[in-house]
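In my numbering, the protein residues as written are 70 to 222.
C-beta atoms are modelled at their ideal positions from N, C-alpha and C, and glycine is treated no differently.
Structure first, commentary second.
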(Lines of atoms letter the chains of each structure in order from A and count residues from 1; the text may use other names and numbers.)
(Lines give C-alpha, C1' and ligand atoms only; values in the text may rest on other atoms or scores of the structure.)
Protein backbone atom coordinates (compact mmCIF):
# COMPACT_ATOMS: atom_id res chain seq x y z
CA UNK A 1 0.00 0.00 0.00
CA UNK A 2 1.12 3.55 -0.66
CA UNK A 3 2.74 4.95 2.51
CA UNK A 4 0.89 8.27 2.24
CA UNK A 5 -2.47 6.53 1.91
CA UNK A 6 -1.60 4.30 4.83
CA UNK A 7 -0.77 7.40 6.87
CA UNK A 8 -4.10 9.00 5.94
CA UNK A 9 -6.01 5.86 6.94
CA UNK A 10 -4.09 5.61 10.23
CA UNK A 11 -4.84 9.28 10.96
CA UNK A 12 -8.56 8.74 10.23
CA UNK A 13 -8.70 5.78 12.61
CA UNK A 14 -6.84 7.79 15.28
CA UNK A 15 -9.32 10.62 14.80
CA UNK A 16 -12.17 8.23 15.61
CA UNK A 17 -10.40 7.05 18.77
CA UNK A 18 -9.90 10.70 19.79
CA UNK A 19 -13.61 11.49 19.35
CA UNK A 20 -13.44 12.95 15.84
CA UNK A 21 -14.79 11.84 12.51
CA UNK A 22 -13.32 8.99 10.45
CA UNK A 23 -11.62 11.14 7.82
CA UNK A 24 -8.06 12.35 7.21
CA UNK A 25 -6.08 13.92 4.40
CA UNK A 26 -2.46 14.69 3.54
CA UNK A 27 -0.95 17.17 1.11
CA UNK A 28 2.31 15.92 -0.36
CA UNK A 29 4.85 17.91 -2.39
CA UNK A 30 7.91 16.34 -3.93
CA UNK A 31 7.57 13.21 -1.80
CA UNK A 32 7.19 15.01 1.55
CA UNK A 33 4.07 15.61 3.62
CA UNK A 34 3.62 19.36 3.95
CA UNK A 35 0.20 19.34 5.62
CA UNK A 36 -2.29 17.03 7.26
CA UNK A 37 -5.87 17.30 8.38
CA UNK A 38 -8.44 15.27 10.22
CA UNK A 39 -12.15 15.87 10.49
CA UNK A 40 -12.77 18.60 13.10
CA UNK A 41 -16.44 19.33 12.43
CA UNK A 42 -17.78 18.46 15.88
CA UNK A 43 -14.79 19.59 17.94
CA UNK A 44 -14.57 22.96 16.19
CA UNK A 45 -18.33 23.41 15.73
CA UNK A 46 -17.50 24.08 12.10
CA UNK A 47 -19.36 22.23 9.33
CA UNK A 48 -16.56 23.13 6.90
CA UNK A 49 -13.76 21.60 9.01
CA UNK A 50 -13.50 18.44 6.93
CA UNK A 51 -10.11 16.76 6.75
CA UNK A 52 -9.39 17.91 3.21
CA UNK A 53 -10.30 21.54 3.99
CA UNK A 54 -8.10 21.51 7.11
CA UNK A 55 -5.21 20.05 5.08
CA UNK A 56 -5.68 22.51 2.20
CA UNK A 57 -5.63 25.48 4.59
CA UNK A 58 -2.50 24.22 6.35
CA UNK A 59 -0.72 23.48 3.08
CA UNK A 60 -1.53 26.88 1.58
CA UNK A 61 -0.23 28.60 4.72
CA UNK A 62 2.96 26.52 4.54
CA UNK A 63 3.44 27.28 0.85
CA UNK A 64 2.44 30.96 1.16
CA UNK A 65 0.08 30.67 -1.79
CA UNK A 66 -3.56 29.85 -2.44
CA UNK A 67 -3.05 26.95 -4.83
CA UNK A 68 -1.51 23.51 -4.45
CA UNK A 69 0.14 23.33 -7.85
CA UNK A 70 2.56 20.42 -7.97
CA UNK A 71 1.06 18.77 -4.88
CA UNK A 72 -0.81 15.53 -4.39
CA UNK A 73 -3.66 14.99 -1.95
CA UNK A 74 -4.23 11.67 -0.21
CA UNK A 75 -7.63 11.31 1.44
CA UNK A 76 -8.80 8.39 3.52
CA UNK A 77 -12.17 8.65 1.77
CA UNK A 78 -13.53 10.00 -1.50
CA UNK A 79 -13.97 13.76 -1.02
CA UNK A 80 -17.48 15.05 -0.44
CA UNK A 81 -18.89 17.70 -2.82
CA UNK A 82 -17.63 20.59 -0.66
CA UNK A 83 -14.13 19.16 -0.39
CA UNK A 84 -14.03 18.22 -4.06
CA UNK A 85 -14.94 21.81 -4.95
CA UNK A 86 -12.23 23.16 -2.65
CA UNK A 87 -9.71 20.75 -4.12
CA UNK A 88 -10.53 21.88 -7.64
CA UNK A 89 -10.05 25.51 -6.55
CA UNK A 90 -6.71 24.53 -4.97
CA UNK A 91 -5.60 22.75 -8.17
CA UNK A 92 -3.41 19.91 -6.90
CA UNK A 93 -1.79 17.69 -9.52
CA UNK A 94 -3.63 14.56 -8.31
CA UNK A 95 -6.15 13.42 -5.70
CA UNK A 96 -6.00 9.89 -4.31
CA UNK A 97 -8.64 8.35 -2.04
CA UNK A 98 -9.13 4.99 -0.32
CA UNK A 99 -12.73 4.45 0.83
CA UNK A 100 -15.56 5.42 -1.52
CA UNK A 101 -18.58 7.65 -0.98
CA UNK A 102 -20.63 4.43 -0.76
CA UNK A 103 -18.40 3.22 2.09
CA UNK A 104 -18.99 6.55 3.85
CA UNK A 105 -22.74 6.34 3.28
CA UNK A 106 -22.82 2.87 4.82
CA UNK A 107 -21.26 4.40 7.96
CA UNK A 108 -23.82 7.22 8.08
CA UNK A 109 -22.03 9.89 6.03
CA UNK A 110 -24.30 10.08 2.98
CA UNK A 111 -23.63 12.90 0.52
CA UNK A 112 -26.20 11.74 -2.03
CA UNK A 113 -28.58 14.59 -1.14
CA UNK A 114 -25.88 17.19 -1.79
CA UNK A 115 -24.96 15.64 -5.14
CA UNK A 116 -28.66 15.81 -6.14
CA UNK A 117 -29.07 19.38 -4.84
CA UNK A 118 -26.07 20.63 -6.85
CA UNK A 119 -27.77 19.50 -10.05
CA UNK A 120 -31.16 21.01 -9.14
CA UNK A 121 -32.06 24.53 -10.23
CA UNK A 122 -32.05 26.97 -7.29
CA UNK A 123 -35.85 27.06 -7.10
CA UNK A 124 -35.97 23.24 -6.89
CA UNK A 125 -33.62 22.79 -3.93
CA UNK A 126 -34.77 21.55 -0.53
CA UNK A 127 -33.32 24.62 1.20
CA UNK A 128 -35.06 27.62 -0.37
CA UNK A 129 -32.47 29.28 -2.60
CA UNK A 130 -33.86 32.52 -3.98
CA UNK A 131 -32.34 34.67 -6.71
CA UNK A 132 -32.72 38.26 -5.52
CA UNK A 133 -31.81 40.44 -8.50
CA UNK A 134 -30.24 43.80 -7.71
CA UNK A 135 -29.27 46.62 -10.05
CA UNK A 136 -25.75 46.73 -8.57
CA UNK A 137 -25.14 42.97 -8.59
CA UNK A 138 -22.61 43.17 -11.42
CA UNK A 139 -20.56 46.03 -9.93
CA UNK A 140 -18.05 43.86 -8.01
CA UNK A 141 -17.35 41.88 -11.19
CA UNK A 142 -16.94 45.05 -13.24
CA UNK A 143 -14.42 46.32 -10.69
CA UNK A 144 -12.64 42.95 -10.78
CA UNK A 145 -12.40 43.00 -14.57
CA UNK A 146 -11.00 46.55 -14.50
CA UNK A 147 -8.47 45.80 -11.74
CA UNK A 148 -5.02 45.65 -13.39
CA UNK A 149 -3.19 43.98 -10.47
CA UNK A 150 -5.66 41.18 -9.68
CA UNK A 151 -4.46 37.77 -8.57
CA UNK A 152 -5.70 35.30 -11.16
CA UNK A 153 -7.30 32.15 -9.81
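Just to check my reading of the structure: residue i and residue j have Cβ atoms closer than 8 Å, yes? What is that Cβ distance to the nearest angstrom?
i: residue 89; j: residue 107; result: 6 Å
i: residue 143; j: residue 165; result: 5 Å
For residue i, which of helix, strand or coil comes out of DSSP?
i: residue 106; result: strand
i: residue 227; result: No information on residue 227 is available, as it lies outside the stretch 70 to 222 that the chain covers here.
i: residue 73; result: helix
i: residue 149; result: coil
i: residue 187; result: helix
i: residue 162; result: coil
i: residue 95; result: strand
i: residue 212; result: helix
i: residue 157; result: helix
Whose CA, out of the options, lies closest to the CA of residue i?
i: residue 121; options: 197, 91, 191 and 189; result: 91
i: residue 13; options: 145, 158 and 205; result: No answer is possible for residue 13: the residues shown for the chain start at 70 and end at 222.
i: residue 123; options: 141, 211, 138 and 95; result: 95
i: residue 103; options: 125, 165 and 207; result: 125
Could you tell me the alpha carbon to alpha carbon distance between residue i and residue j, rounded to whole angstroms?
i: residue 76; j: residue 85; result: 14 Å
i: residue 99; j: residue 111; result: 33 Å
i: residue 221; j: residue 117; result: 24 Å
i: residue 130; j: residue 80; result: 21 Å
i: residue 189; j: residue 154; result: 17 Å
i: residue 208; j: residue 215; result: 11 Å
i: residue 163; j: residue 127; result: 18 Å
i: residue 203; j: residue 175; result: 43 Å
i: residue 200; j: residue 191; result: 8 Å
i: residue 196; j: residue 139; result: 37 Å
i: residue 141; j: residue 217; result: 32 Å
i: residue 101; j: residue 181; result: 34 Å
i: residue 78; j: residue 109; result: 16 Å
i: residue 160; j: residue 136; result: 6 Å
i: residue 186; j: residue 156; result: 19 Å
i: residue 93; j: residue 114; result: 17 Å
Using a Cβ-Cβ distance under 7 Å, would residue i count as near chain D?
i: residue 126; result: In the structure shown, chain D does not exist; there is a single protein chain.
Just to check, is the beta-carbon of residue i closer than 6 Å to a non-hydrogen atom of the ligand HEM?
i: residue 89; result: Looking at this structure, you won't find the ligand HEM or any other ligand, since it has none at all.
Inter-stretch contact (C-beta, 8 Å, three-pair minimum) for the stretch 142-151 and the stretch 166-182: yes
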